[in-house]
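What follows is a set of notes on a single structure, which appears directly below.
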Amino acid sequence: MNVIFGAPFLNPEEQVEDAVRSISYLLDNHSDYIVLFPVNIKPHTLFMDLYQRGEYHPVPIRIMADMLLDYFSDKLEKINVAWFGDRSEEGVIPPAYCRICGQRTVYLFQQYNMLETANERKIILQQIRRLECNCNANYLSEKKQGNIYDRVIQYYNLIKKRGELDEKN
Ligand SMILES: [Zn+2]
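With the numbering used here as the guide, the letters of the sequence shown map in order to residues 16 to 184.
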C-alpha cells in the first residue's frame, strides 16, 4: 500500500500527522508492505499550481526519518521509502534536500531500503537524525493560517476567479 507524505493545504506538522495516521491505519489492518512516497511535484497538477503561487513547498526528506523513528521504530521492516530523491524526471520537482545534510540523507535512505530488519533500519534512521543540521526545525516552524477547510475553500475561490478571468479574455 502506498502512503503519500506532503499532502497539500497542510502545515508541515499536519503533513506528518497525516502520514502517521495513514501508516498506522495500514499497520492496524495487517498491511505488510507499505511504501512511503514523499511528494514529487509534477507539471500540470494541483501541487505545481500551489507551488508556483508559493503556497506549497517540496517536503524535506529528512523529516521522514524522524517520523519513522518516532512512531514506527518496531515496524520498520514493513515500511519502504520511494522517490525520495534517488531518481529524477524532467520537469518534476523532487523533495527538498538541505544543502548541508541532503546528500548524506539520500544515501542513508538508499541503505535503509536495502536492509530488511526493523533493527537494522532503525540504526540507519538514527544516523540520519544525528546529522548535524537544523533544517528540520526550520521546516516545522512554518505555519499556514486558518483551518484546513478554509484553506481549501480559499483555493477553490481562487481557481474560480481565474476561470472567470480566462473567459473574459
Ligand atoms: Zn539539513
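By construction, the Cβ of each residue, glycine as well, lies at the ideal position given by its N, Cα and C atoms.
query                                                                                                                                                        : result
With which residues is residue 95 paired in a DSSP beta bridge?                                                                                              : 50
Residue 33 and residue 42 look like a contact to me (Cβ under 8 Å); what is the Cβ gap, rounded to whole Å?                                                  : No, residue 33 and residue 42 are not in contact; Cβ-Cβ is about 15 Å, not under 8 Å.
Assuming residue 109 and residue 117 form a contact by the criterion Cβ under 8 Å, report the distance between their Cβ atoms to the nearest whole angstrom. : Actually they do not touch by this definition, with Cβ atoms about 10 Å apart.
Quick check on DSSP: helix, strand or coil for residue 24?                                                                                                   : coil
Who are the near neighbours of residue 27 in its chain, counting only those whose CB is closer than 6 Å to its CB and skipping five residues on each side?   : 154, 155 and 157
Is residue 141 buried or exposed, if buried means 16 or more other CB atoms sit within 10 Å of its CB?                                                       : exposed
Does DSSP classify residue 17 as helix, strand or coil?                                                                                                      : strand
State buried or exposed for residue 58, treating a residue as buried only when at least 16 other CB atoms are found within 10 Å of its CB.                   : exposed
Are the CB atoms of residue 132 and residue 92 nearer to each other than 8 Å?                                                                                : yes
Express the C-alpha separation of residue 159 and residue 68 in angstroms, rounding to a whole number.                                                       : 14 Å
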